[in-house]
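See structure below.
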Amino acid sequence: MINLIPSYTYNVEQLLAIITKRNNWLIKIRYLVFFALVVFIVFSKYILKVNYTSSQIYALIFIAFSVLIYNVVFNFVSKSNLIKNTADSFNPLHFSLIQIIFDIIALSVLTYFTGGVESPFSIFFVFHMILGSLILPSYVVYTIATLVVLFFFLASFLEYFNLVPHYSLDVIFIYSLYNNPNYIIVFGLTFAIMMFVSVLLTNSLARSLYTREQELKNALDELNRAELVKQKYTMGIVHEIKSPIAVVQSYLDLILQHYLEPIPKSIEEKLLRARARTDEAIQIINDIINISKLKIQSEIKKEDINIFLLLKKIVEKRKSQCEYANIKLHLYSIHNRDIIVKGDPQLLELAFSNLISNSIKYTSPGGTIEVVLDDVVKENFVMIEVCDNGIGIPDSEKDKIFSEFFRGTNVKQKGYEGTGLGLSVVKQIVEHHNGEITFESPSRLADENRRGTSFKVFLPLNNN
Ligand code: ADP
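Be aware that the sequence shown starts at 6, since it is given in this note's numbering, and climbs by one per residue.
Here's what the structure looks like:
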C-alpha cells in the first residue's frame, strides 16, 4: 500500500484522526451534491428549457445516481472497520484518495455531457485540487492535476475533430466554442494554470498551518510538563513548611493549656492570636496542596456516589456551627430520589464543604442557607445549589472570584478571614468531574438587607 503520510507529519495518529473527520464531512457534502445535481437537471430542463438529447439526459441522471450510490458505499466503508489508523494499512488517507478519484471521474463525465470546454462545471475541478491539497501529499495532487489537464485537452480535441460527439447546453451557450481551436488552447492553458496554482498555494498554506499547529502543540506540551514539575516542587516545599508550623502550634497549645508555667492574661491573649494565625497558615497550606494535587492528577478515581447522602453528611457536620451562629441550614432533594454520580467522594466532599463553609462564613446571624439537589434542571446533569442570603458578591468582582488568591473587597473590609483559594479548588474539582459551576448574586433568598449568593454545580449523570 503506498504511503500517503506527508513527510512533515509529526504525529501520524493525530493526522489520521483529522483526515477521518474531513472524510466524514466530505461524505455529508456529497449527499448535498446529489440533490444539487437533481435540482440542476430539473431546473435546466424545465425552467431554462435546455434542449437535452436523450443520451445527455440519461447520462446526467446516471451521474447523479452514481454519486449517490458510491457515496452510500463510502458511508458504509467509513463506519466499517476496513479503515485502520496506521501508516502502512488502508488508512483514512487512502480512503480520501479513492473518494477524490471517484469525484473527479464523475465530474469529468458531467463536464463532458454539459459542453466539454464550454461547461461551467469545469471550474469545480479547482475545488477538488484545493481539497486534495489539504489532505494528500503534494506529489499525489500534482499527479491528479496533470492527469485532469491532459484529459481536458484530449477530450476537447477529440470533440474538435468530431471523434466523439459534442453535447452542449444550447440555451446557455448560444455560440459554440468547442470548434474554436484558439479558444480551446487559451481556455485549456488558463484552466491548467488555475489548477496548478491552486495546488501550489493550498499545499504550502496547509503545510505551514500544520507545522505551526504542531509547534504550538509541542510548546503547550512543554509548558504542561513544566507546570507539572512546578506543582510537584510547590507541593514539596509547602509540605515542608507545614511541619514546623504544626510544631509551633503544638508548643503554643502546650503553653495555652497551662501545662508549662502559668502565663499572664495579656500574654495569653497574644498567644491565642498567634495560635489562630497558625490555623490560617495551615488552612492556606492545605488549600495549596489540594490545588497542586488536582493539577498533577490528570485522571480522577470514579466510583458511584449517592450525592444526597454525601451532602447530608457535610450538612450534618456543619449543623452545630450554624446553630451557634444562628443560621438556618436546610438540605432539600426536589424529586426525593436517589441520584448517583460517578466521581471521587473525597474531592466532591471537599468541593461542597468549601461552598457550604463559605456560605456560613459570609452569612450574618439570622440568615438562611439552602442546599438543593435537582436532576431535571439540565438534561443528563444533576444540579446542586448552595444558596445563601449573606453578604453577596459585588457586580464589579464577579469575573474574578474563581481566580487563585482573589478575595472580595466587601469581605476584606468586614474583616472575614480567608485565603482566596477555596473557590479555585471547587472549580477545578467540578471540571475534573466534567461538570460546570455557575453563580448568581443577588440570590433567590435575597431581601432588602441581604444580597445573598447562589452557587450552582452541574455534575454529569452516567459519567463513565
Ligand atoms: P475565601 O473565602 O478564602 O476568601 P474563596 O476562594 O472561597 O476564598 O472565595 C473567593 C471570594 O469569593 C471570597 O473572598 C468572597 O469574596 C467570594 N465568595 C465566595 N463565596 C461567597 C459567598 N457564599 N458569599 C459571598 N461571597 C462569597
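Even glycine gets a Cβ: it sits at the ideal position worked out from N, Cα and C.
Counting C-beta neighbours from all protein chains within 10 Å, is the total for residue i 16 or more, i.e. buried, or is it exposed?
i       : result
Phe-40  : exposed
Ser-255 : exposed
Leu-21  : buried
Lys-432 : buried
Phe-166 : exposed
Met-200 : buried
Gln-104 : buried
Met-6   : exposed
Tyr-183 : buried
Ser-364 : buried
Phe-196 : buried
Gly-371 : exposed
Ser-459 : buried
Val-44  : exposed
Pro-125 : exposed
Confirm the yes/no value for this check: CB of residue i, any heavy atom of the ligand ADP, distance under 7 angstroms.
i       : result
Asp-404 : no
Arg-449 : no
Phe-463 : no
Tyr-36  : no
Ser-358 : no
Thr-373 : no
Thr-458 : yes
Gly-348 : no
Phe-411 : yes
Tyr-258 : Checking the displayed sequence, the identity of residue 258 turns out to be Asp instead of Tyr. For the ligand ADP, not one heavy atom lies less than 7 angstroms from the Cβ of Asp-258.
Asp-393 : yes
Ser-364 : yes
Leu-426 : yes
Ile-396 : yes
Ser-429 : yes
Phe-376 : The sequence shown places Val at residue 376, not Phe. Val-376: no, Cβ never under 7 angstroms from the ligand ADP.
Gly-423 : yes
Val-435 : no
Val-202 : no
Val-320 : no
Express the C-alpha separation of residue j and residue i in angstroms, rounding to a whole number.
i       : j       : result
Ile-246 : Arg-282 : 14 angstroms
Asp-284 : Glu-266 : 23 angstroms
Tyr-117 : Glu-227 : 54 angstroms
Val-382 : Glu-390 : 11 angstroms
Glu-123 : Tyr-172 : 10 angstroms
Ala-251 : His-244 : 11 angstroms
Glu-422 : Ser-209 : 59 angstroms
Leu-115 : Leu-31  : 19 angstroms
Lys-26  : Arg-217 : 20 angstroms
Lys-419 : Val-430 : 24 angstroms
Gly-425 : Ser-85  : 52 angstroms
Ser-60  : Phe-158 : 23 angstroms
Arg-323 : His-437 : 26 angstroms
Asn-76  : Tyr-15  : 31 angstroms
Leu-360 : Val-376 : 10 angstroms
Tyr-57  : Lys-33  : 30 angstroms
Thr-91  : Val-146 : 21 angstroms
Phe-2   : Gln-262 : Only positions 6 to 469 of the chain appear in the structure, and residue 2 is not among them; the question remains open.
Asp-452 : Asn-229 : 46 angstroms
Asp-379 : Tyr-337 : 9 angstroms
Leu-353 : Ala-279 : 32 angstroms
Ser-446 : Lys-403 : 9 angstroms
Asn-28  : Lys-307 : 35 angstroms
Cys-392 : Phe-357 : 12 angstroms
Leu-194 : Asn-187 : 11 angstroms
Leu-233 : Ile-294 : 13 angstroms
Leu-214 : Gly-395 : 52 angstroms
Quick one: give me the first and last residue of the alpha helix (DSSP H) that residue i is part of.
i       : result
His-244 : 186-261
Asp-284 : 270-301
Val-431 : 427-437
Met-388 : It is not in any alpha helix (DSSP H) - Met-388 instead sits in the beta strand (DSSP E) that spans 386-393.
Ala-69  : 59-84
Ile-140 : 129-140
From which residue to which residue does the beta strand (DSSP E) around residue i run?
i       : result
Tyr-15  : Neither: Tyr-15 is in no beta strand (DSSP E) and is coded neither H nor E.
Asn-311 : 308-311
Tyr-337 : 333-338
Ile-365 : Here Ile-365 belongs to no beta strand (DSSP E); instead the alpha helix (DSSP H) covers 350-366.
Ile-374 : 373-379
Glu-164 : Note, Glu-164: premise wrong, no beta strand (DSSP E); alpha helix (DSSP H) at 143-165.
Ile-110 : Element bounds for Ile-110: not the beta strand (DSSP E) but the alpha helix (DSSP H), 97-118.
Phe-463 : 459-465
Thr-443 : 441-445
Tell me whether residue i counts as near the ligand GTP, meaning its Cβ is closer than 7 angstroms to at least one heavy atom of that ligand.
i       : result
Leu-355 : The model on display carries the ligand ADP but not the ligand GTP.
* **Cβ contact check for the stretch 334-350 and the stretch 306-314: 3 or more pairs under 8 angstroms** => yes
* Sufficient close CB pairs (3 or more, under 8 angstroms) joining the stretch 70-85 to the stretch 188-200 -> no
* Examine the Cβ distances between the stretch 458-465 and the stretch 386-404 and report whether three or more of them are shorter than 8 angstroms. => yes
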